[in-house]
Every structure is written in C-alpha cells, then in structure tokens.
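Visitor: Protein chains in written order, with our numbering: chain E, 3 to 200; chain Z, 4 to 565; chain B, 1094 to 1427. Glycine is no exception: its CB is placed at the ideal position from the N, C-alpha and C atoms.
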Amino acid sequence: MSETAVIPHSPTEVWKLPSRGIVAMACLILAESAIFIIFVVAYVFYIGKSVSGPTPREVLELPIFSSICLLSSSLTVHFAVSALHDSKRGMCSLWLGLTVLLGGIFLAATAREWYQLIYHDGLTIKTNLFGTTYYSLVGLHATHVVVGLFMLSLALLFSLRGGLTSNHTERLEVLSLYWHFVDAVWIVVFLVVYVLGR
Amino acid sequence: MATQTPVTAILDKTPASPPRRLLFQVLHDWLTTLDHKKIGLMYIVYALIFLVIGGLEAVLMRIQLAIPNNHFVSPETFNRLFTMHGTTMVFFVGMPILFGFGNYLIPLMIGARDMAFPRLNAFSFWISAFGGTLLYFSYVGGSGLYGAGSAPDVGWFAYAPLTAHVFSPGHSTDYWTLAVLLSGVGTVGTAVNIVATTLCMRCPGMKLSRMPLLVWLYLITSFMVFVTISPLTAAQIMLMLDRYVGSHFFDTQAGGSAVLWMHFFWIFGHPEVYILVLPAFAFANEIIPVFSRKAIFGYPAMAAASVCIGFISLSVWAHHMFTVGMGPGANTFFTLSTMIISVPTGIKIFNWLATLWGGKIQFTTAMLFAIGFLFQFLIAGLTGIMLSVSPFNWQLSASYFVIAHFHYVLVGAILFMIFSAFYYWYPKITGRMLNERLGKWHFWLFLIGFHLTFDFMHIPGLLGMPRRVYTYEADRGWMMWNMIVSSGAIVQTAGTLLFVFNMVRSYFKGAIAGADPWDAWTLEWSTTSPPPEYNFAVTPSVASRRPLWDLKHPEDPDGNYE
Amino acid sequence: MSTHRIGSCLAASIPFDSAHGSTSVFSPAATPAHAIYSLSMLVLSITAAIFLVVAGLLVYVLIRYRSRASDTEEPTQIYGSNQIELSWTVIPILIVVMLFLATARVIFATESAPKPVSAMDVTVIGHQFWWEYRYPGFGVVTANELHIPVSDPQHPTPTYLTMSSADTDHSFWIPRLAGKMDLIPNKINTMWIDPPATGLYLGQCAQYCGTQHAKMLLRVYADSPTDFAAWIKHQQQPAEENAAVAEGRTVFQHNACISCHSVAGTVATGRFGPDLTHVASRDTIASGAIVNTPANVRDFVSDPSHLKPGALMPPMHLNDHDLDAVTAYLMTLK
C-alpha cells in the first residue's frame, strides 16, 4: 500500500454531505422537467394550428374533481412521510393508502376522458395536431402517474407488512418528492391544455 | 521432513500471483461488475471500438470525395456513411469515452470508494452499449423482413420531414431514433450518478472549492446533460410517435412544423458540443498544470467561466438555423449570444496560458497533445466567431467550412485532449507507462494529418462546396483541396494505428509506472497503479486543492493561498 | 481601412478568383454577397489579429518557459490575479460589442431592405431533386434554370425570391449572389438578388434533402433587359407543334410521362416533375447535372437513376424506337 494523502486537520470539523437519494431525485426531476417543457412547448406551438377538427373547445371539459384528487394526494403523501418519521406506522399505511386511492381516481378519470374522446368525439392521436399534442402531453403525464402509483403501492405493501420503519423515512421522502413533481406538472398541464389551449 | 514456515507467509493471504481464471470467469466478472473503474474502462473500450468504426466510415467518405465524380461508393451508401459517422462519433464515441474517464477518475479524485449508485452506473453503461449495437444492427435489420437491411440515411441531425415514413420507408430511421433515445437514457443515468457522487461522496475536507477542476467541469457537464439531453429524448419520443402511431408532430402535410424539429434538435445539439468539450477542458485543467509544474492559474475564474459557458450555451442553439428564415430579430439575438460565449471561453484559454507562464514546461507526449489542443482550440474558437456573424454564416453554414470548423473542435480540441488523457492516466489505469517514443511519433503523425485534413477543408467551403454531397462537379476548382484533405485522413489513420499499437504493446511491455509517475498533485496518484477495488485503504482527508503538493511540500502547503 | 487589407491579403492567398464555374464566397457579384464580403473581411482581420497575438504568446511561453534538464526546483507557484482576469474579460467583451454592431447592421440591411416597386417576383419551389421557378407576374413556369434581369445600380430591378418546398428541406445557395436561404415545407421564406452584370451564376442545394442532394444544382442566368424580355416572351408561348415528331408526342402522351410533367397547350399537365414546355431551350437537364443533348436526353429517359441515382422518375421501359421518338419530340420543345 502506498502513501495515502492524510493531511492532519482539526478532527472537530463536522463533515456533512447531502443525501445522495435526494440529490439524485432532484437531478431526475430537473431532467424530467426539461422533457415536459419540450412537450408543453410543442403543445403551445400547435394551439389552433390543426387543419381539421375536432377542436379543444368542442371536446375538452375541465377535469376539476380529478385535479383536486391528484393535488390533495400531495398532502397525503407528505403526511405519510411525517408519520413514518415519527414511527407511527399505522398512520403511515393509512396516508399511503389514501394517496394511492386519490392517484387511482385521477387515473380512472383520465381513462374515462380518453374513452369519451376516442369513442364519442372521434379524436385520436392521428386525427389532427390537437390530438397529437393532447394525447402525448397528457399521456406522458399519465405515464408518470402510473409509475408513481406503482412505487407508492409497493411502499404501501411494505408498510402493511410491517417492513417500513423510520429508518426508511429518507427513501419514502425521495419517493414523495417524485410524487410532488408529478402533481406540479399536472398544474402546468392543466393550465396549458384546459385553460390556455381551450 | 518438517520445514519451518515463515510467519509472514502465513499472514499474507494473497498469493503472489493469483491463479489463472477461466475465460468465462473473467467475462462474468466484467459483465456483472459494479466497480466504477471497470465500468469506466468498459465505456472507454466500447468508445474506442466505435471510434475505429466511425473513423473507417470517414476514410471511406474521403476516398469517395478525393476526386470529382468518383464511383467508389454509391450515393445511398455515402448518405448512410455520413449519417452513421456523425451519430456514432457524437453518441457512441464522444459521450461514452468522456463518461468513461469521468467514471474512472471522479471517485478517485474526490477520495471516494465508488460512485454513488453502482447499479445505476452499470445499467447506464449497458443501456448505452445496447443503443450503439442497435444502431449498427440497422445494417442487418433496417428493412425488416424484406431484404438485407440498410443503415439510416437521414443525416445525424435528421431534419424533418426527411424522417417521415414517406421519405424514409423501412426501419432504418426507427433504429436511429431508438439508438439515440437509449444512449440518452444511459447518459442521463450516468449524469445523475456523477452529480450525486460529487455532491455526496467527497472525502473529508474536500469542499466544493477544493475539488479538482476536472470534477467541477464534470459536475457542470452533468447538469447540462439534464437540461439538454432531455429535450432530445422528448423530440425522439415525438418522432417515434410520428413513425409508429401516426401522430403529426413533424408531419408538414397535416400542419406540422419542420422548423420545430430543428429547434428541438439544436436545443440539444449545441449544448452537446459543450458537453463534449467541457470534459476535454477538464483534462487540460489537470494535465497542463502538472507539466508546467505550477498550480492552475485562476481556479475560481476557471470554475466560474465553465458555469458561464454552461448557462450561455443554452441560449445559442439557433445559430445553427441562421438560414431557415427566422427573421432579422432572432438572427441578431443569436448572433449576440453566440459571440458572448466566446468571452468565458477566451478566459479559459488565457488562464491556461497564464498557467504555462513562469512554469517549467515538460514536453511529455501528454503535454504535447495538450498544447496541440490549446493551439487548435484557439483556431476553432476564431472560426466559431466567423460563423457567429450571421451574414457570413448565410454563406458558410452547411458548407465544408462548417465541417472543418466543428472537426477542429471535435478532433483538434477534444480528440487531442482525449489522447493526452490516455498518455496521462494510462499508467494509473494499467500500472504501466505508455511508450514515449512511440507516443511522440503518434503525436507528430496525427498533428500533420490533422492539419492536412482540417486546415485545407475550410477552403472548399469558402469556394461554395456544400456538405453531405457524395460527389461534386469537376469545374468548381474543389478537387485539389479535396485531394489534400483526403490524403491527410490517411496520415491520421496511420497515427491512430500507432496509438493502438502503443496501447497494446505497453500493456504487456511498458515500464512499471508506480503510484505517481508524473509527480502530480491530485488524490488519484496517492493510491497504487492500478488502484485496488476499494480505491483507498484509508479514506483520505484533504486540506487544499492539491493534497499531494501539501504532502510533498509540507513547508509551503497550498491551503495558505486559497 | 487597414484591417480590411489584412483580410483581403488572407483571402488573396488562396485562389478565390472568379474563374469559370466559380462559386467562391470571395468573388461577390450582387449587393447581398458584397455586404457579406465586406463584413467577412472585417471579421477575418479581427480574428487574424487575435490569432497572431494569442498564438504568438503561446509560442513565446513554450520556448521561454521550457524546463531545462539541470533544473529540478519547482517554479514559483502563482495562483491567480483578479486584475489580470478582469482585463482579459473586459477586452474580449469590447471586441464582441464592436463585432456585434457591425454584424447587426448587415443583418438588417439585407433582411429588412425595403422592396422597390421595380422588383421582380419569382416563386421558388424545391423538389427532390430539382427546382421549380414560377414567375407570377408573367404566367411563366419553368424548371432548374432561373433567368433574371440584371439590376442596374442606378435603377435597381432586384429579383425577390419567395421560397418553399414541396417535400423535404432544401437550401438555395448561389455564393456569388447572396447567402443561402432554406426552402422548408409549410414555411415561406424570401431573399433577393441583384447582379449588375450579365452572366451565369452557379450554386447548388445546400441542405441535405435525400439521396440525390449532390446533383441538385443551381443555375442563375442574369440577362440584359432586352434578352430577359425576349426570354419571358418565348416562355409564355405554348409548346411548339411539330408534325414531324407526332409519333414521339403520342408516345409521350400515352405513357406515364404526362402524370408528372406539363407541356403547356397539350394534355400533359402533371405537376410532380419539371415543366417541359420549353425544355429544349435549356442548357442542361436533370437539375443542371447533364448537358442538354439528344443523346443525354435519350439516356436519361430510358433510365434516370443510371445518370442520377435516387431521381424519383422511374425508368420508362420504352423500346429503342419509342425512345428515339420521345427524344425527338422533347428536342423540339424549344
């Protein structure tokens, strides 16, 4: 073994570094934001440029209820993390369960909306530029909801089986960061698709 | 007859030479490894393989263009060659080789035992490698079941609507977009890893302001990856939707916009150049000081200039689009932003000069390549300024002048610095020195070949020769210049072969390097060559930017001056 | 201006003269190309000066501070200096500002130039792999060889090109007349040219547009006002009827030719390929790639992708007799 660069310095200095889980999730969120920005730009760029119908005004309705569900799930996942931090494992399961439920309602509402659009309004991704940008932007967000729900369900499963302890708070927090991000993206998507685009 | 066994032999559990392992075991070891050094090496080897393939494609193109109306390859083949050459060199040579060095060096330089997420690291490598394989599989599967297949021929920036099904039937473009998408996923994965490693795994005392500049620049590069590779990923998703499910993002018949693709591509494409060149700067920041025997001049300015480059590079993309009719307002804005980026870039060049100033410069092969880098990067920057002048750009864009300019950056600056990095860190990686005599031959051959090719390549551009033509008219006066350019390609090939030979030969016969052959100052030189799997037996702690300087000069440690 | 002289010397060190077939950006022959040329001389001079200073410094440093074998001491460590950093930040910024202002002037002078009423309009449509030119003021449609009137600087008659594409992206680049401008489907771009001297100006497509991008050549004929008027008058006529080639005309009209090509005054009204009404009056065929001779036309009709691989026109599979007849017919379309 060769020399090692050990330079004596005051041992009292505390050497604290950020959590790598949270840093990595922040990076991922940054990258994902860039992807969403491009899809949003494409959506905004193509507003009103479709050469044929149907138009957003004709077929889109404001998804108020499902939006409230999704946004409130941000609160419940936050409570779940707090509960786990305080070692209240029962409460943690409860909040996680509620989060999964709210996310599920949102996803079901999206599915119902798409069914309506495809089978009643005749709008598919092939129909026109509105269809192209609408399904891809909302679909990209819905994909993220699906991934988030899968992870949350896993966490719920672990929690119900008693495998989740306060040692795992940081991991659950990382997951909750992702979920907050998915919710925040929905606010942008909602504003762009249902407010600006209509 | 009983013999006495010495105590030390009993204690030392490691046999002097480990038993020869089966090939399968070695292979299994590499395929399943999570060690950042092995993953880094795999990145580098994989990139070198693609470098040879991409280089071969370039040579074929240069043979075709050496004389006008040549029939060496068909137009279709030529179009595939330049598409594959560009895609290969950017996505499957440039990115992996730079990330390979990053993977290998960053944990060693910050005194860590591995990257923050070893599994993610392996995943990122294998997904990128899969992307590269997929790209070349298009030669077999590009036409689906109908024929022998063909590679994509849409150009490396694949302008819409050439990529639409109407103009690119078959599957070759699908392979292209999938390959680029996968490489992007791998790249983002590695970038996440690099950021998490540098922010969360530094050894005690290694504040951000004490990190080696190489680590700083990799950190900035990684942040740029998040905000620039992702738009490309998004654009590739859109292109795939267009091609697979019939959406209309870039379908001009249905009101889609070809210009939108250009914007999306170049929002990635231009910062990508900086993503590739910042690691080259990073190598220069380590190598130039060591062989000048001086600390880097203006460490904070160097870090700050790199951050500036990172930010400004996000606002210059449309200088690739001065001829698409954006109007005078946009042209003026992107002219200004592009010119401004030359300021922080200039700061870096001046700081390197100041580092050399007053030093005692040792002309090792690594240093020769670094000096070549400085000289060529200066010229590349100046031709870059010419191209930023948008009216001049209306003449020069998409001509051979542009090809010469960006090869000056990619080969003259980046590849030279990569060669320099090989000569500098090869001893650390293998434990043996690269042969300096062969190295100098390699340097001079490659330098001459480079200048023959890329100096003279500017001229046909000024004489009106556009890029991506498989042949040209005989009466335009381009032939002599193309002939010189093509002959330079042969000289560069010879230089590169010498380098490969040197690498292989030195691996078996090179002089033993020892831990610190260059009398350098950063932490990677404090451990053995090659480093053990755990990097450092004891986690080091540092008190300055140059911990090994402090160790060698305890009477005058660096910490006093920071 | 002395800086201009340095630039000119640089440019002169390489033969950029206007020999036949020249497409050099350094032999401008119209106002936009001239403006770019002067600006480029300024830029070349500034960059050359920067190069001399910085490369000179580099060479000096390498020689002055090379290590000597006898010397084993480490040199004095210098860590930086804010004053110096500041100076090499401010000076480049000043250069950039200067260069930017000079550039902005040319951008607006070229792109926002007021269009004189005497200007002529031509619509340019890029196709894989040929050029369509329409003269809306004269009701003329032609292909591949653009005729424009010369523009007297005293009484300018510039030509304004309105450009778009029928398929993929193309780019219109005649280096001696102006910088390039892309032709993009779904987008209208404009540019203008005003050569004061008659002559033939060459160029080619500068945006990769598919297999045969390389042979999508450009030919611009600047004619004297009288020549141009005569040319326009001739182009406005319908196709010449010639009884001697009636057989060839029949072959032409009974094959797929007419679904892609137009011959004014006949049943041939296709729009996919070049207009052939006056094809025999052109110097070249196949977008400038081939000289317009009967032998070449016959060759091209029998198998276009033999002469121009990737051309979208399929081989016509005509027998030798029909080929001769069609060739004879096409050569009468003066």
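1. Quick one: list the residues of chain Z neighbouring E/Gly52, beta-carbon separation under 7 Å, in chain order.
2. Just grab the DSSP bridge partners of B/Leu1276 for me.
3. In this structure, how does DSSP classify B/Thr1235 when only helix, strand and coil are distinguished?
4. Could you work out which residues of chain B lie near Z/Asn334, taking near to mean beta carbons separated by less than 8 Å?
5. Using the rule of at least 16 other Cβ atoms within 10 Å of the residue's Cβ for burial, across every protein chain shown, is B/Asn1282 buried or exposed?
6. Grab me the residues of Z/Gln7's own chain with a C-beta within less than 6 Å of its C-beta, minus the 5 sequence neighbours each way, in chain order.
7. Per DSSP, what kind of secondary structure is Z/Asn505 in: helix, strand or coil?
8. Considering only the alpha carbon of each residue, which of B/Pro1207, B/Leu1310, B/Pro1331, B/Thr1255 lies closest to Z/Glu476?
9. Give the range of the alpha helix (DSSP H) segment to which B/His1127 is assigned.
10. Roughly how many angstroms lie between the CA atoms of Z/Phe252 and Z/Val169, to the nearest whole one?
11. If you count every other CB in all the chains shown that lies within 10 Å of the CB of B/Asp1287, and 16 or more means buried, which is it?
12. If we count the other Cβ atoms within 10 Å of its Cβ and call it buried at 16 or more, is Z/Leu359 buried or exposed?
13. Answer yes or no: does any C-beta atom of chain B fall closer than 7 Å to that of Z/Arg83?
14. Are Z/Gln322 and Z/Phe336 close, meaning C-beta to C-beta below 7 Å?
15. If you compare alpha carbons, which of B/Thr1216, B/Ala1128, B/Ala1339, B/Arg1391 is closest to B/Ala1195?
16. Excluding the 5 residues flanking Z/Thr386 on each side, which residues of the same chain have their C-beta closer than 6 Å to its C-beta?
17. Please report how far the alpha carbon of Z/Phe419 lies from the alpha carbon of Z/Met329, in whole angstroms.
18. For B/Phe1365, return the contacting residues in chain Z, with the cut-off set at a CB-CB distance below 7 Å.
19. Measure the alpha-carbon distance for Z/Val494 versus Z/Leu448 and round it to whole angstroms.
20. Name, in chain order, the residues that DSSP records as bridge partners for B/Glu1225.
21. Just the Cα atoms here: how many angstroms apart are B/Tyr1301 and Z/Asp478?
22. Would you call the stretch 362 to 369 of chain Z and the stretch 431 to 449 of chain Z in contact, with 3 or more CB pairs under 8 Å?
23. Span of the alpha helix (DSSP H) holding Z/Tyr178?
24. Excluding five sequence neighbours on each side, which residues of the same chain lie with their C-beta closer than 6 Å to the C-beta of Z/Ala199?
25. Determine, for E/Leu131, whether the minimum Cβ-Cβ distance to residues of chain Z falls below 7 Å.
26. Just to make sure I have the definition right: I need the residues of chain Z whose C-beta is within less than 9 Å of the C-beta of B/Gly1292. Which are they?
27. I think B/Val1210 touches B/Leu1254, with their Cβ atoms under 8 Å apart; what is that distance to the nearest whole Å?
28. Mind pulling the chain E residues with CB within less than 7 Å of Z/Thr236?
29. In chain E, which residues lie less than 7 Å from Z/Gly498 when you measure between Cβ atoms?
30. How close, in whole Å, do the beta carbons of B/Tyr1294 and B/Ala1323 come, if the pair is a contact with beta carbons under 8 Å?
31. Can you list, in chain order, the residues of its chain with a C-beta nearer than 6 Å to that of B/Thr1370? Leave out the 5 residues immediately preceding and following it.
32. Hey, does B/Val1360 have any beta-carbon neighbour from chain Z nearer than 7 Å?
33. Expressed to the nearest angstrom, what Euclidean distance is found between the alpha-carbon atoms of Z/Thr190 and Z/Val472?
34. Report the rounded CA-to-CA distance for Z/Pro520 versus Z/Tyr427, giving the unit in angstroms.
35. Mapping the DSSP letters down to three states, classify Z/Ala5 as helix, strand or coil.
36. Can you tell me whether Z/Pro78 is buried or exposed? The criterion is at least 16 other CB atoms within 10 Å of its CB, across all chains shown.
Guide: In this structure, then:
1. Numbered from its first residue, the first sequence carries residue 52 of chain E at position 50. With the sequence shown as reference, residue 52 of chain E is identified as Ser, and Gly is not the correct amino acid for it. Near E/Ser52 (Cβ distances below 7 Å), the residues of chain Z are Gly258.
2. Here the question's residue 1276 of chain B lines up with position 183 in the third sequence. Paired residue(s): B/His1263.
3. Start at 1 with the first residue of the third sequence, and residue 1235 of chain B comes out as number 142. If DSSP states are grouped into helix, strand and coil, B/Thr1235 belongs with the strands.
4. Locating residue 334 of chain Z in the second sequence gives position 331, counting from the first residue. Residues of chain B passing the Cβ test: Ile1200, Glu1204.
5. Stepping through the third sequence from its first residue, residue 1282 of chain B is reached at position 189. Buried, by the Cβ-count rule.
6. The sequence position of residue 7 of chain Z within the second sequence is 4, counting from 1. For Z/Gln7, the predicted structure reports a pLDDT of 45, less than 50, and the residue's modelled location is therefore unreliable. The matter cannot be settled from this model.
7. Counting from one through the second sequence, the residue named residue 505 of chain Z turns up at place 502. Residue state for Z/Asn505 is assigned as helix, using DSSP reduced to three classes.
8. Taking the second sequence and counting its residues from 1, one reaches residue 476 of chain Z at position 473. Cα-wise, what sits closest to Z/Glu476 is B/Leu1310.
9. Residue mapping note: residue 1127 of chain B aligns to position 34 of the third sequence, counting from 1. Where B/His1127 is concerned, the enclosing alpha helix (DSSP H) stretches over 1124 to 1157.
10. Mapped onto the second sequence, residue 252 of chain Z falls at position 249. Mapped onto the second sequence, residue 169 of chain Z falls at position 166. Rounded to the nearest whole angstrom, the C-alpha separation of Z/Phe252 and Z/Val169 is 14 Å.
11. The residue labelled residue 1287 of chain B in the question sits at position 194 within the third sequence. So B/Asp1287 counts as buried.
12. By 1-based counting over the second sequence, the position of residue 359 of chain Z is 356. Classification of Z/Leu359: buried, given that the 10 Å Cβ count is 16 or more.
13. The residue you call residue 83 of chain Z lines up with position 80 of the second sequence. False, the Cβ-Cβ gap to chain B never drops below 7 Å.
14. The residue you call residue 322 of chain Z lines up with position 319 of the second sequence. The residue you call residue 336 of chain Z lines up with position 333 of the second sequence. It is worth fixing the name first, because residue 322 of chain Z is His in this sequence and not Gln. No, these two residues do not count as a Cβ contact at 7 Å.
15. By 1-based counting over the third sequence, the position of residue 1195 of chain B is 102. For the residues B/Thr1216, B/Ala1128, B/Ala1339, B/Arg1391, the minimum Cα distance to B/Ala1195 belongs to B/Ala1128.
16. Your numbering for residue 386 of chain Z matches position 383 in the second sequence. Closer than 6 Å at the Cβ level, and outside the excluded window around Z/Thr386, lie His408.
17. Indexing the second sequence from 1 puts residue 419 of chain Z at position 416. Indexing the second sequence from 1 puts residue 329 of chain Z at position 326. Taking the straight line joining both Cα atoms gives about 36 Å.
18. On the third sequence, position 272 is the one that residue 1365 of chain B refers to. Within chain Z, no residue comes near B/Phe1365; the closest Cβ sits about 14 Å away, beyond 7 Å.
19. In the second sequence, the residue the question calls residue 494 of chain Z occupies position 491. In the second sequence, the residue the question calls residue 448 of chain Z occupies position 445. Approximately 6 Å between the Cα atoms of the pair.
20. Within the third sequence, the letter at position 132 stands for residue 1225 of chain B. Partner(s): B/Ile1218, B/Ala1236.
21. By one-based count along the third sequence, residue 1301 of chain B stands at place 208. By one-based count along the second sequence, residue 478 of chain Z stands at place 475. One C-alpha to the other measures close to 22 Å.
22. yes
23. The count along the second sequence starts at 1 and reaches residue 178 of chain Z at position 175. Following the DSSP letters along the chain, one finds Z/Tyr178 inside the alpha helix (DSSP H) bounded by residues 175 to 203.
24. As a working note, residue 199 of chain Z is residue 196 in the second sequence. Closer than 6 Å at the Cβ level, and outside the excluded window around Z/Ala199, lie Ala119.
25. As a working mapping, residue 131 of chain E is identified with position 129 in the first sequence. Judged by the 7 Å Cβ criterion, E/Leu131 is in contact with chain Z.
26. Here residue 1292 of chain B refers to the residue found at position 199 of the third sequence. Result: empty, since nearest Cβ-Cβ is about 15 Å, beyond 9 Å.
27. Residue mapping note: residue 1210 of chain B aligns to position 117 of the third sequence, counting from 1. Residue mapping note: residue 1254 of chain B aligns to position 161 of the third sequence, counting from 1. B/Val1210 to B/Leu1254, Cβ: 17 Å. No contact.
28. Numbered from 1 along the second sequence, position 233 holds the residue referred to as residue 236 of chain Z. What Z/Thr236 touches in chain E: Ile37.
29. As a position in the second sequence, residue 498 of chain Z is number 495, starting the count at 1. Residues of chain E passing the Cβ test: none, with the nearest at roughly 34 Å.
30. For this step, residue 1294 of chain B is matched to residue 201 along the third sequence. For this step, residue 1323 of chain B is matched to residue 230 along the third sequence. That belief does not hold up - the Cβ atoms of B/Tyr1294 and B/Ala1323 are roughly 20 Å apart, past 8 Å.
31. On the third sequence, residue 1370 of chain B is found 277 positions in, with the first residue counted as 1. Same-chain partners within the cutoff: Ala1332, Val1356, Ala1357.
32. Numbered from its first residue, the third sequence carries residue 1360 of chain B at position 267. No - not a single Cβ of chain Z is within 7 Å of the one on B/Val1360.
33. Indexing the second sequence from 1 puts residue 190 of chain Z at position 187. Indexing the second sequence from 1 puts residue 472 of chain Z at position 469. Between Z/Thr190 and Z/Val472, the C-alpha separation is close to 32 Å.
34. Start at 1 with the first residue of the second sequence, and residue 520 of chain Z comes out as number 517. Start at 1 with the first residue of the second sequence, and residue 427 of chain Z comes out as number 424. Rounded to whole angstroms, Z/Pro520 to Z/Tyr427 spans 9 Å at the Cα level.
35. On the second sequence, position 2 is the one that residue 5 of chain Z refers to. In this prediction, Z/Ala5 scores a pLDDT of 41, lower than 50, which makes its location untrustworthy; the coordinate-derived value is nonetheless stated afterwards. Z/Ala5 falls in the coil class under three-state DSSP.
36. As a working mapping, residue 78 of chain Z is identified with position 75 in the second sequence. Buried.
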